[in-house]
Each structure stands twice: as C-alpha cells, then as structure tokens.
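Engineer: Can you read through this structure? Questions will come right after.
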Amino acid sequence: MGKILPRIIKSTASQTFISELVGVRVGYDQSDYPWAKKMLGKFPLPQWQRDSVWTAKQKISLIESAYYGFDLGAIVINTYDHDKKGNLIPFSDCLIDGQQRIGAMLDYIDSKFKVNGYYFNELSRQEQGSFMMRDIGLHKISCFEEEKLKMLYNHLNFSGTNHKESERA
5 MGKILPRIIK
15 STASQTFISE
25 LVGVRVGYDQ
35 SDYPWAKKML
45 GKFPLPQWQR
55 DSVWTAKQKI
65 SLIESAYYGF
75 DLGAIVINTY
85 DHDKKGNLIP
95 FSDCLIDGQQ
105 RIGAMLDYID
115 SKFKVNGYYF
125 NELSRQEQGS
135 FMMRDIGLHK
145 ISCFEEEKLK
155 MLYNHLNFSG
165 TNHKESERA
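Encoded structure:
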C-alpha cells in the first residue's frame, strides 16, 4: 500500500478589508469563548497561542506596508459552530495565524503608536478610511479538533528559517 498523504483541512481563501478584521468589536465577548486564553479584538485566542511579541518597529513596518499597498499575508481564522444548546463550540472563531498583525492593526487604530509622525486619530477621515479599506488575505478553516489546529498553527509558524541580519537586501 502506498503512502497516505495528510488529510486536507477544509478552507476557503479570499481577500477582505482591514476594517472587517479590526473595525467592529461589539458582540464578541470573552464569556462566549470560555476555552480561550484571551480576546484580540473580536477573535478568541487559544491557550497555546503565544503572547504579543512584536516590537514597535515591527508594528510600524506592517502599517507602512499597508499604506504602500504591499501584500500583508493572510490571516487564518476558524469558522464557528454551535452545540445543541446554542453555545459556540470550542475553537469557534479562533485566530490561528495573524495574531501579531491583528494586534498591530488594533494598536494603530487605537492610536497607541505613531506612523510617519501621526497617531491614527490625528489622520483625516479619508486617510483613516484609506487604511481601513486596504486588502488583506483571509483563510477561513473549518476544524474543531484541537490537535489538528495545533498542528496547523505549528506548521504555519515553525516551518520557515529566519533570515540573518547579514542577509538583508
């Protein structure tokens, strides 16, 4: 018998606006996600997600990339489902990949740091809208098995090799 390939984790890929990921936070409450470590905006984070580790420089670089129109990568989130009592089942809506980027965007729109000398709340409505309407990749998966979600998280976050400072262009 031949080797069996890994089973596909069902997903859909699309583009969305930054505003869809960080704009509306009402209606998402930690009490709906008792399994979660904490909430990041409207997304529950599983216990095995690392903490926020990006520096101010890294956050600013991401925001500048959005303004330049560069590819911001893809955010990976889980879909949601309910049990027979109408409660969200564990790992519904959880953020699998993109915590540092979502955190940076939330901090920026909450005016926690400046980009090009300005806080977000100091920008014109047009400039704020320009940022919020930037495209970002979005992958939605549908998996509620913790071990498979951990495998995906590890695969996405530990499969590459970090660059060395001497390898900068």
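Here the sequence shown stands for residues 5 to 173, numbered as in my numbering. Ideal placement from N, C-alpha and C gives every residue a C-beta, glycine not left out.
#1: Between Lys14, Tyr37, Ser56 and Tyr72, which lies nearest to Gly102 when the distance is taken from Cα to Cα?
#2: Skipping 5 residues on each side, what residues in its chain have a beta carbon closer than 7 Å to that of Tyr84?
#3: Determine, using beta carbons only, whether Ala108 and Ile67 come nearer to each other than 8 Å.
#4: In whole angstroms, what is the alpha-carbon distance linking Tyr32 and Ala60?
#5: Roughly how many angstroms separate the alpha carbons of Ile140 and Phe117, rounded to a whole number?
#6: Rounded to whole angstroms, what's the CA-CA distance from Arg129 to Asp111? Just pull it up for me.
#7: Using alpha carbons as the reference points, say which of Trp58, Val119, Gly77 and Leu156 lies closest to Ile100.
#8: First and last residue of the beta strand (DSSP E) that includes Gly45?
Structural biologist: The structure says:
#1: Ser56
#2: Leu92, Ser96 and Asp97
#3: It is a contact, given that the beta carbons lie within the stated cut-off.
#4: 27 Å
#5: 21 Å
#6: 18 Å
#7: Leu156
#8: Where Gly45 is concerned, there is no enclosing beta strand (DSSP E), given that its DSSP letter is neither H nor E.
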